[in-house]
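Participant: Numbering (my numbering), first residue to last: 148 to 525.
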Amino acid sequence: MPKTYLSIVGTRPEAIKMAPVIRALARQGDRSVVCVTGQHEHLVPPILKLFEIDPEYRLTPTPQDGQPNGLLARLLPQLDAILKKEQPSHVLVQGDTTSAMAGALAACYAKVPLAHIEAGIRSGSNHEPFPEEAHRRMIDAMADLHFVATAENRRALLKEGRSARQIHLSGNTGIDAMRYAASLPFNHANSLLKALPVGQRKLILITLHRRESHGEPLGRVCKTLRTLARRYAHTAHFVLPVHPNPAVSSTVLEFLGNEDNITLTAPLSYREMIAAAQACYFAMIDSGGLQEELPSLGKPALVLRNVTDRPEAVAAGSAKLVGVSSESILQAFTELMDNEDLYESMAQVRNIYGDGRAADHIAYVLSNQIAHVLEECA
């Protein structure tokens, strides 16, 4: 008899990483019910359309202030009603967002088994990233099954006392998603990249959105990027998709809005972001997803965060943890631009986070081993 799984999706990264699992469950004949929370109201639908997923539930949009408390309070009663109606054999949440936290709490309160995809990631600081680090620790405490991307994630869970039989090393579904999307037709002629006035300059991809960097740290990073843009005016062109959060966009526009070799864009489509990652010389990022994807493309990354929850890429030599100080950013950028040997050592294709088959592994475990694992955990 086919099982019913409830997958909860709130943000664009969740949609990207959950989509391969939803498709894999459907391929093996199970019923996969999808609930979109509205946390990223306008960014999630294009991702689900790309992966040909039509959600059964679309909850009301998130409060405009975007604060976790209000979103959590709004989602819990709605998710409880869905759980009572659907009676799923398992709830699936991905990552560490407020939507994932709400899904985990709702499953816990309803006594429905919980599977956590991308479990075991740790930065070591509850404030970086905020509130994601606290979320994922609490989600892992409630989860019955943990699907981890790396051996490091598995070790973190074992250290915290999780049973080894609850933990499955699957790889990261973001690699599955990237390979699927990259295989789809893409009209380069109409893309943003075609219109960029790059010329012979090297393309540098930038992302800035972390909540813990809002305010003075973000302003400092932007001023440093402006310095670099002027210093490398003839050899580098920067492209920065601007996050819609006003706390980010206002600062970015203030400091970077008038530089000839900085292109500020609206958030790129997922397919276009992959194309930008493929085309860039290297990236300066605070994105967790890109820290996972760029090594598979052979693109170096300078990580604009004080701590990283993806240490595997740094350990492998594909990424460098730079922080948010002006001095460290200037030094790291200059070294990577001017030192060809360093660049070549970082620009190696490394499949650190999986082989692109994580979703199939997760679907198999869910379908074939749930009863065994839950019996052991009871």
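Just so you know, even glycine gets a beta-carbon here, dropped at the ideal spot from N, CA and C.
1) Would you call the CB atoms of T184 and A249 closer than 9 Å?
2) Out of curiosity, what's the CA-to-CA distance linking D456 and R269?
3) Determine the direct distance from the alpha carbon of V168 to that of A382, and round the result to whole angstroms.
4) In whole angstroms, what is the alpha-carbon distance linking I229 and A254?
5) Distance, Cα to Cα, N300 vs N408?
6) Please report the Cβ distance between L261 and V295, rounded to the nearest whole angstrom; I am assuming they are in contact, meaning their Cβ atoms lie under 8 Å.
7) Considering only DSSP beta bridges, list what P388 is partnered with.
8) Once you ignore the five residues that flank L489 on each side, which residues in its own chain have a CB closer than 7 Å to its CB?
9) I believe V461 touches L468 by the beta-carbon criterion, under 8 Å. Please report the beta-carbon distance rounded to the nearest angstrom.
10) With 16 other CB atoms within 10 Å as the buried threshold, where does L400 fall?
11) Counting C-beta neighbours from all protein chains within 10 Å, is the total for H282 16 or more, i.e. buried, or is it exposed?
12) DSSP three-state label for C182, please.
13) Could you check what DSSP says for V368 in three-state terms: helix, strand or coil?
14) May I ask you to verify whether the stretch 414 to 424 touches the stretch 361 to 381, counting CB pairs closer than 8 Å and requiring at least 3?
15) What do you reckon, are the CB atoms on T410 and P344 nearer than 9 Å?
16) Please classify K306 as buried or exposed, where buried requires at least 16 other C-beta atoms within 10 Å of its C-beta.
17) Nearest to Q234 by CA position, among A423, E491, L444 and S154, is which residue?
18) Name the residue from H187, K258, E474 and E203 whose alpha carbon lies nearest to the alpha carbon of L367.
19) Based on the DSSP secondary-structure assignment, which residues constitute the bridge partners of R221?
Facilitator: Inspection of the coordinates gives the following:
1) Position 37 of the sequence shown, counting from 1, holds the residue named residue 184. Position 102 of the sequence shown, counting from 1, holds the residue named residue 249. Against a cut-off of 9 Å, the Cβ pair of A249 and T184 comes out as a contact.
2) Counting from 1 along the sequence shown, the entry for residue 456 is found at position 309. Counting from 1 along the sequence shown, the entry for residue 269 is found at position 122. Straight-line Cα distance between these residues: approximately 5 Å.
3) As a working note, residue 382 is residue 235 in the sequence shown. As a working note, residue 168 is residue 21 in the sequence shown. Reading the sequence as shown, one finds Thr at residue 382 and not Ala. The straight-line gap from Cα to Cα measures roughly 42 Å.
4) Numbered from 1 along the sequence shown, position 82 holds the residue referred to as residue 229. Numbered from 1 along the sequence shown, position 107 holds the residue referred to as residue 254. For I229 and A254, the gap between their C-alpha atoms comes out near 11 Å.
5) What you label residue 300 is simply residue 153 of the sequence shown in a count that begins at 1. What you label residue 408 is simply residue 261 of the sequence shown in a count that begins at 1. Going by C-alpha positions, N300 is about 39 Å away from N408.
6) The residue labelled residue 261 in the question sits at position 114 within the sequence shown. The residue labelled residue 295 in the question sits at position 148 within the sequence shown. About 15 Å; that fails the 8 Å criterion.
7) Your numbering for residue 388 matches position 241 in the sequence shown. Beta-bridge pairing links P388 to T412.
8) In the sequence shown, the residue the question calls residue 489 occupies position 342. If we look at L489 and ignore the five residues flanking it on each side, its Cβ neighbours are E482 and L483.
9) Start at 1 with the first residue of the sequence shown, and residue 461 comes out as number 314. Start at 1 with the first residue of the sequence shown, and residue 468 comes out as number 321. The beta carbons of V461 and L468 sit about 5 Å from each other, so the pair counts as a contact at 8 Å.
10) For the purposes of this step, residue 400 is taken as the residue at position 253 of the sequence shown. L400 comes out exposed.
11) As a position in the sequence shown, residue 282 is number 135, starting the count at 1. By the 10 Å Cβ count, H282 comes out buried.
12) Translated into the one-based positions of the sequence shown, residue 182 becomes position 35. Three-state result, C182: strand.
13) One-based indexing of the sequence shown puts residue 368 at position 221. If DSSP states are grouped into helix, strand and coil, V368 belongs with the helices.
14) Between the stretch 414 to 424 and the stretch 361 to 381 there are fewer than three inter-stretch CB-CB distances shorter than 8 Å, so the stretches are not counted as touching.
15) Along the sequence shown, one-based indexing puts residue 410 at 263. Along the sequence shown, one-based indexing puts residue 344 at 197. P344 sits close to T410, with the two beta carbons spaced by under 9 Å.
16) As a position in the sequence shown, residue 306 is number 159, starting the count at 1. Flag for K306 reads exposed.
17) To locate residue 234, count along the sequence shown from 1; it is residue 87. The candidate whose alpha carbon is nearest that of Q234 is S154.
18) For the purposes of this step, residue 367 is identified with residue 220 of the sequence shown, where counting begins at 1. Leu is not the amino acid found at residue 367; the sequence shown has Arg there. Considering only H187, K258, E474 and E203, the residue with the shortest C-alpha distance to R367 is E474.
19) In the sequence shown, the residue the question calls residue 221 occupies position 74. Partner(s): none; R221 has no beta bridge.
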